[in-house]
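Quick note: the sequence shown uses this note's numbering, first residue 8, plus one each step.
Glycine residues also receive a C-beta, built at the ideal position from the N, C-alpha and C atoms.
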Amino acid sequence: MSKMKKTLNRVLTKFEQLKAPPNADCGVEETLRTDHFQVSKTVRYGFPYEPTSVAFDPVQHLLAVGTKSGSLRILGRPGVDINCSHGPDVAVIQILFLINEGALVTVCSDDSIHLWNFRQKRPEIVHTLKFQRERITYCHLPFQSKWLYVGTERGNVHIANIETFTLSGYVINWNKAIELSRKTHPGPVISLTDCPVDPNKLLIGFETGTIVLWDLKSKTAECRFNLPEALRSVSWHHEGKQFMCSHTDGSLTTYNIKQPQKPVSVMMPHAQMGKDGKLNPCKPITKVEWKSVKNGEPLIIFSGGMSYDRAGRTPSITVMNGKSTTALEMEHNIVDFVVLCETPWQNDFQEPYAIVVLLQYDLVVVDLTSPNYPCFENPYPMDIHESPVTACQYYANCPPDLIPAFYSVGSSRQKRTGFSEKSWPINGGVWGTSTCSYPEIFITGHADGSIKFWDASSVTLQVLYKLKTAKIFEKPKKREDSRNENRDSVGGDNQKNGGDSLDPDPLAVYLIHLCTESRILCFAGATHLVLCKFSKQELNVEVQSLEFSIIYHDILDDMESPDIDNHYRPCLGVVGQIQSGSRESYSSNASDHSSKNEMWTAVKVRSGSRKYSAGYVPDLVCVLQWLDSKEAGEGKEHPGNITFISMNSSYGLLAFGNESGLAIVDYVQKTCLLNLGTPDLYGSMDPYNRGPRSPRNKRFFPTDGSGTEDGARSPTNDQINGVCISPTCSKPRRPPPPELRRSKPNRRLQKAQSAASIEEPSNGGGSFSGGVFLKPENCDRNDTSSFSRSRSSSMSSLDNVSKEAIQSLVFSDSYTGKTDNFTCPCLWVGTSLGSVIVIVLNLPPPGQQRLDQPVIVSPSGTMFRLKGAILTMSFLDCNGVLIPSVSEQWRDRENKEKEKQAHRQNTVNQKPKISPTSSTEYNGDKQFVVICSEKQARVISLPSQQCPYKTRITESSFVVRADVVTLRDSVCLACYIANGRIMAFSLPSLKPLLDIDFLPLNDVRIARTFCFSSNGHASYLCSATEIQKITFSADMSDNLNEMLGELFKPCETPEPPKQGFFKNWFSAGHSQLDREELFGESSGKGPRGLATKLQGKGSMQYVQNQASSGTSEVARAHKNFIERGEKLGELGERSEMMREHAENFASDSRALMLKYKNKKWYQW
């Protein structure tokens, strides 16, 4: 069956090629080649998601963070940030630095130990030791030692050589470590640490509370400590005579190695006396560090141990300095912490100066040398997820003045106090030698409605400006209050229909669109859209709002009025109504039928004038309405999420679509031009049978005698200027005089943009308008990561279609008809069913006329259809150069008269009129439009509307994101496929240039946030807290090593502490231990089958194997080439022999013919 499908596909492809125009060569020179493409991950921004461990190199001043997903993040000074990975589904449970050696060891949850080398720009795994029979629980690597102690779940301690990554024959078995009289297992090893002054002594801590001081040379237990509570961690005093333990009951115990019978001290720092005279129980102390100070009291630093007396007590780090105890409360759960000290030597005064606290969602560094222990201000972009990220947009090669403008308005708000005045302590590494030559900007939208602007031009992400949009709206009501309000509105309990469909984050930003030239920002939530303008001064602004009900409603199903003839089928213009040129905000609650239907919105704009700081100031808000019926059992219906937004600053127009239809807004006049359901955009060209939209009974409400109605309905594209052009209308009618085409000026629901009037039915009845919301089925409005599209590769016109969403919108000056000689402003609309509809925009002349006269919206009659939902549309000129969207330049609100004049000139100059006499025309065409859907891509020449090129992108999968981007002074079509492949096609010929397996779509977050940008850049939200930048440009990939910083820099190791004469005489001093003699070959081979050694990509053996395999492949190819040459030589000899035989046969045949040619019959 599969063979038949493949054969059929090949036949169809060949047939499509035969159907293509004979002159497919457009004469455009394409300069991009396959060697110009290479996909690489560049930089990862944000906080490591789900961190599990942290470690610090005190000499190199580098910090390493491991995560649950197997990522390893190494941080140095701001600008030195490297991310690498162990692989999927492998958590990093412990990190150990080889101090000042440019290497580290990671212990993973799959019982594997990895040695990383970060002396080069890209850290790589050199060796891997995979344990087979025992689970690893804890590891310890002494300073300047190559022998790694490995504790296991069975209670054994193994020793591995980190240079050769082989196990030693020296093993400390748990049954030899504990007392012979003990009858129970001591539990897993949770702590391993050697004595600071005697490396021959190894302190082994077991989970149940047993601690063993093991003598490595004698292979015996010197002493044992039986603790009353379960053990969590152990820390030595620098003199090596005492150690401190933390327990699960919130206590700290101190033991002397000379007195193992009882502890020196027992304390519960945060325990409080209860009413019964007993101490209240406390939480476990997960980790304790005992650090000494030369000129002061030692510091005891631990996490946890707080009392259970009050629920919800915040996590804390406690610092005990002598008699003073300071609890530092944290905002999130504590994962791990590490104390930064001046020296790596454990037998010296450590002199701690900071604490690095790894939280579940943050990284906090505490200054221990300043009063009250303030925190350092974090220079890394760790607060991307301050509010959950719901949208992400990436702009590369933006105007150079954009970043300084954002920084100037954001720097005044970023002054933060209360931080330490000292420099950031994590300052290792060296910056890269090169940076990007053009500015790059990230914009993130968040669940609380805030929008952050980031400078992404370098390795470090820097916040520029934060826009808080919550102050534009009234404070959202709580979920329970909304439910109660909904129940009251219908007269009964209606949680199912109303309350459960409310969005918990009504202000969340899901779509972002920035015009980099005019600096106009447009963003959308689920049911609202805001347009903001940039200003350098504070302004008092009264935000104007428009409310919409974008629905699809079948008029014929609900015409119950006896005034309407049964045979009459109204044109699409009957759905809307004409409204006058008021530019005031309006509310549908003021409609004439408010007594029957009450309109409700998820967000409400604050009324009155308000003061806004410098930056983005709201100019217009568009809100989708919920329909609230007064009938019992009927609740609020969600209007459908906004699916796409687009804006053009030169036209002064804004367009957005949702799951049901399209709206076009003139934000200059603050009025609505078009408000239609998607099926109504087709007019008479609708190729689908529309199924039922809603189970609710739909009703229309007659208007007054003026022929208009106060509802958010607009004239459609089948009736323009009063002339119905739909073929279903009986006859065209003359438009009324202009003075009759304007409604009363005091109407609130008005639209000045369209000059169309509503024709009355032939029986003299009034016009009708109305409808209901399309209620989506099984759609979770609370799921911010929802990602649904039509997955059908083709859609028959006979199929019942109940919903068609708007998936793409593009404003452009293009050709709308086959006979056009000049371009005109248009809006290209792409739908989820693969249709592309072109709408013509008739703009008034610039200047005062643009402010007074309406914009005319009319259908063009042009429609294209592709398989799958439309993802992107772009325009190329006849030379294959990308035509940028026309836009006006940003100007501040100073010298308004000059601004108006400049705007007038700019608007005139920026309308490209492509001359029909271009020397490089393709069959008389001057433009190419590139349309890409989930399944295929097409290049259509305009105005002839021929399709010279098309390609099928995927069969079994679908395209998630696609865009036409610039690369090396040319353009290409870049696509990200759901099966993880990234593809690139040349333009306009659509020849494949790149097809590589890169990133499987295993998270819906990737699909929502993946975006392409200029110069071969792309980005996506790889986790809830991290943004990953990638490039598919070979030039950028080659220059990547120069952009990244160096992690390792040569440093001198601090000298060991000097011991005084009397101290060495009266004490044991720092004894020496020859670990090589003890753990080396003399100890024998390690346990057979316990662990397997694997070679990493950074090892020399791996490189040699790769080189030898490459050499063998070359030798094999050379051998095959020689064999093929020999066979070709034999074939040539045989061919020569056959030729000679053929010549002999021909000569013999000719001689025989001549012999018998002249013989008579009687001579035979």
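{"query": "Buried or exposed by the 16-neighbour rule on C-beta atoms within 10 Å, applied to Pro288", "result": "exposed"}
{"query": "8 angstroms CB neighbourhood of Cys1018 in its chain, flanking five on each side removed", "result": "Cys399, Gln400, Tyr401, Arg968, Asp970, Ala1025, Ser1026, Tyr1027"}
{"query": "Outcome for Thr826 when other beta-carbon atoms lying within 10 angstroms are tallied against a minimum of 16", "result": "exposed"}
{"query": "Beta-bridge pairing of Phe651 - partner residues as DSSP gives them", "result": "Gly664"}
{"query": "CB contact flag (Val61, Val72, <8 angstroms)", "result": "yes"}
{"query": "Nearest residue (CA-CA) to Phe172, options Leu1138, Phe1086, Phe1128", "result": "Phe1086"}
{"query": "Chain D within 8 angstroms of Lys957, Cβ atoms only", "result": "No chain D appears in this structure, which consists of one protein chain only."}
{"query": "Nearest-angstrom Cα separation, counted from Val112 out to Ser977", "result": "45 angstroms"}
{"query": "Coarse secondary structure for Ile308, derived from DSSP in three states", "result": "strand"}
{"query": "Residue of Val612, Cys522, Ile81 minimising C-alpha distance to Glu481", "result": "Val612"}
{"query": "Residue span of the alpha helix (DSSP H) that contains Met275, given as start and end", "result": "That residue, Met275, is in no alpha helix (DSSP H); it is neither H nor E in DSSP."}
{"query": "Tyr956 classed as buried or exposed, judged by whether at least 16 other C-beta atoms fall within 10 angstroms", "result": "buried"}
{"query": "Between the CA atoms of His392 and Glu1049 - distance to the nearest angstrom", "result": "29 angstroms"}
{"query": "Sequence-distant residues of its chain with Cβ nearer than 8 angstroms to Asp693 (five each side left out)", "result": "Pro686"}
{"query": "Nearest to Pro381 (by Cα), restricted to the options Glu358, Pro999, Trp431", "result": "Trp431"}
{"query": "Rounded C-alpha distance that separates Ser602 from Leu553", "result": "Low per-residue confidence applies at Ser602: pLDDT is 37, beneath 50, and the placement is therefore not dependable, though the value from the model is reported in the following sentence. Rounded to whole angstroms, Ser602 to Leu553 spans 21 angstroms at the Cα level."}
{"query": "For Asn849, the residue or residues it bridges with in DSSP", "result": "Ile863"}
{"query": "Host alpha helix (DSSP H) of Phe480 (start-end)", "result": "Premise fails: Phe480 is in no alpha helix (DSSP H) and is neither H nor E."}
{"query": "Status (buried if at least 16 other CB within 10 Å, exposed otherwise) for Glu549", "result": "exposed"}
{"query": "Residue environment, Met327, which counts as buried when at least 16 other CB atoms sit within 10 Å", "result": "buried"}
{"query": "Where Glu1140 sits in the DSSP three-state scheme", "result": "helix"}
{"query": "For Cys939: DSSP bridge partner residues", "result": "Thr879, Ala944"}
{"query": "Contacts around His245, its chain only, beta-carbon distance under 7 angstroms, and the 5 residues preceding and following it disregarded", "result": "Pro203, Ser299, Gln353, Asn354, Asp355, Phe356, Gln357"}
{"query": "Buried versus exposed, by CB contacts within 10 Å (16 or more), Tyr1163", "result": "exposed"}
{"query": "Gly684 and Ile877 closer than 8 angstroms at C-beta", "result": "no"}
{"query": "Pair within 8 angstroms by beta-carbon distance, Leu220 and Leu210", "result": "yes"}
{"query": "Cβ-based burial, Arg1131 [other Cβ within 10 Å; buried from 16]", "result": "exposed"}
{"query": "Contact under 8 angstroms by Cβ, Leu994 with Glu141", "result": "no"}
{"query": "Outcome for Pro891 when other beta-carbon atoms lying within 10 angstroms are tallied against a minimum of 16", "result": "exposed"}
{"query": "Residues bridged to Cys831 (per DSSP)", "result": "Ser821"}
{"query": "For Glu1083, the nearest candidate out of Gln551, Ser175, Ile479, Ala403 (CA to CA)", "result": "Ser175"}
{"query": "Proximity winner among Ile989, Glu349, Gly194, Ser894, relative to Pro999 (alpha-carbon distances)", "result": "Ile989"}
{"query": "Simplified DSSP state of Gln726, which is helix, strand or coil", "result": "Residue placement at Gln726 is poorly supported in this model, since its pLDDT is 31, which falls under 50; the coordinates still yield a value, given next. Correct three-state label for Gln726: strand."}
{"query": "Delimiting residues of the alpha helix (DSSP H) encompassing Ile410", "result": "409 to 417"}
{"query": "First and last residue of the uninterrupted alpha helix (DSSP H) at Trp2", "result": "Given that the chain is displayed from residue 8 to residue 1171, the structure contains no residue 2 and the question cannot be resolved."}
{"query": "Run of the beta strand (DSSP E) containing Tyr156, from where it starts to where it stops", "result": "154 to 159"}
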